[in-house]
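To start, the structure itself, in structure tokens.
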Amino acid sequence: MLSAVGIGVTYGLFARLVFDKRVSREYFEPMSFAFIFGVPVVLGFLTVYIGERENNWNWAERLFLPWVTAWLALFAALALGWEGIICVFLWGPLFMVLSSVGALLALFVREVLGTNKPNAFVLCSVAVLPFLITPIERQFTPPSQMRTVATQIEIASDVATVWRNIERVPAIQPAEHSFALSHLIGFPKPDEARLIGSGVGAIRHATFERGVLFIETITDWQPQQYLAFTIKADADKIPPTTLDQHVTVGGPYFDVLQGDYRIEPLANGRVRLHLGSTHRLSTRFNFYAGWWTDFIMRDTQNYILRIIKGRCETLPR
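Count along the sequence shown from 1, then add 5; that gives the number in the numbering used here.
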């Protein structure tokens with residue numbers, strides 16, 4: 006059992022090394038369908054196909070032991086600096102499910118062959134599949150998808166106060182910060198937003214911790230009503246250790262493009278503040294990655310809205 010887990014982990018690390026763009030960028034890349042979806046299936050397959058030789062495992066062992074293999078491989082890649090905590094968090098659930106799929110595939114193959122003894126040809130065929138598929142996959146450009154995320158919050162304050170707190174955001178103090186899951190997994194916290202100029206064409210420098218800077222150009226300026234802007238990440242000044250290379254804002258896979266605030270006066274003297282954004286997602290598995298990018302953007306926007314709400318409701322009008 007343990008030897009099978011060890012073989013699976015070794016395979017996973019070997020695959021991650023080979024798929025590293027710095028090692029073999031012409032043929033392989035980690036953000037490929039074959040790696041993200043194929044490798045965890047192979048991990049689960051190897052764990053069960055090699056590990057259970059006497060047909061004496063129960064179904065829980067068959068389905069869930071591959072999870073051990075998958076998580077050990079992920080944590081080993083994290084410890085070696087090959088992956089960041091964000092990627093481990095995002096891909097962990099998928100690796101669990103797909104490793105169990107690999108376990109079921111191993112059981113099916115053994116049933117077809119009618120023997121518990123591992124077949125060398127079967128093992129090799131399954132193990133090399135991700136490596137054979139990826140060069141073909143790389144011949145096709147990943148689809149790009151524009152996704153919008155809308156958030157809102159109700160604030161017990163007047164329109165003028167809310168406007169003052171969205172056109173520029175003075176440095177956020179430690180006491181204003183709170184828990185957010187996106188920060189727990191490594192996404193930086195907001196620091197401040199400095200406004201240079203006024204009206205359409207003005208520039209905002211929105212800074213986040215660990216050196217992340219977004220340059221926002223105002224495209225629509227309606228005082229006390231609406232504020233819209235384009236967003237460009239200053240990727241050259243973002244330290245490489247701040248964000249995992251696969252989720253870097255402004256990178257080939259993910260970018261935040263636009264944002265806007267809309268102030269909605271309410272009949273009770275309160276205000277509903279809307280914050281929206283548009284981001285680009287360019288992966289071969291947008292159907293899965295999009296769920297996570299939407300979550301991170303929504304969590305970040307709600308975090309900013311809570312800070313604005315706290316300031317508007319505590320500062321004098």
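Here a beta-carbon is modelled for each residue, glycine too, at the ideal position from N, C-alpha and C.
Residue of the options minimising C-alpha distance to residue i
i: Ala-20; options: Ala-65, Ala-272, Leu-48; result: Leu-48
i: Gly-206; options: Ala-75, Pro-98, Phe-234, Gln-230; result: Phe-234
i: Arg-285; options: Val-164, Ser-149, His-188; result: Ser-149
i: Gly-216; options: Thr-253, Arg-267, Asn-61, Arg-277; result: Thr-253
i: Asp-196; options: Ser-203, Thr-212, Gln-157; result: Thr-212
i: Phe-40; options: Arg-289, Gln-306, Trp-297; result: Arg-289
i: Phe-42; options: Met-302, Arg-303, Asn-291, Arg-311; result: Asn-291
i: Pro-35; options: Ser-130, Val-10, Phe-126, Pro-135; result: Pro-135
i: Val-114; options: Leu-95, Thr-146, Val-53; result: Val-53
i: Gly-202; options: Tyr-258, Thr-224, Phe-184; result: Thr-224
i: Gly-13; options: Met-302, Trp-76, Leu-280; result: Trp-76
i: Gly-256; options: Leu-271, Asn-273, Ile-268, Lys-237; result: Lys-237
i: Gln-230; options: Lys-122, Leu-271, His-210, Leu-118; result: Leu-271
i: Leu-51; options: Trp-64, Leu-7, Phe-94; result: Leu-7
Cβ separation of residue i and residue j, assumed to be a contact under 8 Å, to the nearest whole Å
i: Leu-186; j: Asp-304; result: 6 Å
i: Leu-79; j: Gly-97; result: 6 Å
i: Met-101; j: Trp-62; result: Incorrect: roughly 18 Å between the Cβ atoms, too far for contact.
i: Leu-278; j: Val-174; result: Rounded, the Cβ-Cβ distance is 13 Å, inconsistent with contact.
i: Gly-315; j: Glu-181; result: 6 Å
Residue i burial status per 10 Å Cβ neighbour count (16 or more: buried)
i: Ile-208; result: exposed
i: Tyr-32; result: exposed
i: Pro-317; result: The question names Pro, yet the displayed sequence has Cys at residue 317. Label assigned to Cys-317: buried.
i: Phe-145; result: exposed
i: Ala-9; result: buried
i: Ala-176; result: exposed
Distance cut-off 8 Å: residue i Cβ against heavy atoms of the ligand PLP
i: Ile-312; result: As presented, the structure is devoid of all ligands, the ligand PLP included, so that no description of it is given.
Self-check item: Continuous alpha helix (DSSP H) assignments of at least 4 residues falling wholly in the stretch 81-121
Solution: Runs found: 90-118.
Quiz item: With a cut-off of 8 Å, do at least 3 Cβ pairs link the stretch 130-141 to the stretch 79-94?
Solution: The stretch 130-141 makes no contact with the stretch 79-94; the number of CB pairs closer than 8 Å stays below 3.
Self-check item: Touching by the beta-carbon criterion (3+ pairs, under 8 Å), the stretch 84-104 and the stretch 144-159
Solution: Short answer: they don't touch.
Self-check item: Cβ contact (3+ pairs, closer than 8 Å) linking the stretch 157-175 and the stretch 64-78
Solution: At 8 Å Cβ cutoff, the stretches do not touch.
Quiz item: Does the stretch 178-198 touch the stretch 307-317, meaning 3 or more C-beta pairs lie closer than 8 Å?
Solution: Touching, yes, given that three or more Cβ pairs across the two stretches are closer than 8 Å.
Quiz item: What are the start and end residues of each continuous beta strand (DSSP E) run of 3 or more residues lying completely inside the stretch 230-312, in chain order?
Solution: Listed in chain order, the complete beta strand (DSSP E) runs (minimum 3 residues) inside the stretch 230-312 are 231-238, 259-270, 276-287.
Self-check item: Contiguous beta strand (DSSP E) assignments of at least 3 residues, all confined to the stretch 165-231
Solution: Correct list: 195-201, 208-213, 217-227.
Exercise. Could I get the ranges of all uninterrupted alpha helix (DSSP H) runs contained in the stretch 9-85, with 4 residues as the minimum, in chain order?
Key: Runs of the alpha helix (DSSP H) inside the stretch 9-85: 26-29, 44-56, 64-84.
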